[in-house]
Amino acid sequence: MRPLFPLLIAATIGAVEVNADPTAERCGGDKEMTFEGWWEWAKVTPTPVVSKGHNSNWVGIYVDELAKDTYLNAGAPYPECAKIVKPIYNDAEGKSVRKLTIMVKMSPGYDPENGDWWYASYDATGLNVRSQGRLDGCIPCHKQAAETDYLFSKDVLNAAKE
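Structure (structure tokens):
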């Protein structure tokens, strides 16, 4: 007969991991987030715009329903689980997507020094993650937009009008 103690410890550890970040379950968590269908979300940029922070590449901005009103008003703060997808295009026409950069607003406490944002880079489908989490390549730049909850929504909205 196998002792129950190791099973009890494993069950407890598993429960702690699942509940460590309360947003993970609601928003998908680092391991489960996918963004299939992102192109059906609200499109903020009618045509591609040049992104200063992404090596002057042509980009678009798509926001889910949770992020839509806040982004379109260049407001802050964003609600938990709000998602923003920025496709990086291969050309100025936006005919083909090279990759996606993504931000998801996590629960308070996820990364309080950086607005509690989760960052990621995915392939063009939104299914395959390349990098994710508290990304050192994203955080320093986005800190410059702390007044609009770490998003450059004012700049994007102005560029989209041009």
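Basically the working numbering = 1-based index in the sequence shown + 4.
C-beta atoms are modelled at their ideal positions from N, C-alpha and C, and glycine is treated no differently.
According to the DSSP secondary-structure assignment, GLY137 is paired through a beta bridge with TYR123. Scanning THR38, GLU69, GLY130 for the CA closest to the CA of ARG102 turns up GLY130. With distances taken between CA atoms, LYS87 lies nearest to TYR75 out of CYS145, TYR75, ASN94, GLU97. As the crow flies, the alpha-carbon of ASN61 is around 18 Å from that of LYS47. Relative to the Cα of LEU139, the nearest Cα in the group ALA128, ASP73, GLY119 belongs to GLY119. Each residue's CA atom was taken as its position, placing PRO112 and LYS147 some 17 Å apart. Annotation: ASN61 is outside any alpha helix (DSSP H); the continuous beta strand (DSSP E) that includes it extends over 61-63.
In the assembly as shown, SER100 is an exposed residue. Its beta-carbon has fewer than 16 other beta-carbons within 10 Å. Closest by C-alpha distance to MET107, out of VAL133, GLU44, TYR93, ASN59, is VAL133.
A buried status is given to LYS90, since no fewer than 16 other beta-carbon atoms sit within 10 Å of its beta-carbon. Within the DSSP bridge table, the entry for THR105 names LYS90, SER125 as partners.
Annotation for SER111: no beta strand (DSSP E) segment contains it, and DSSP assigns it neither H nor E.
In terms of Cβ geometry, LYS109 and CYS85 form a close pair [threshold 8 Å].
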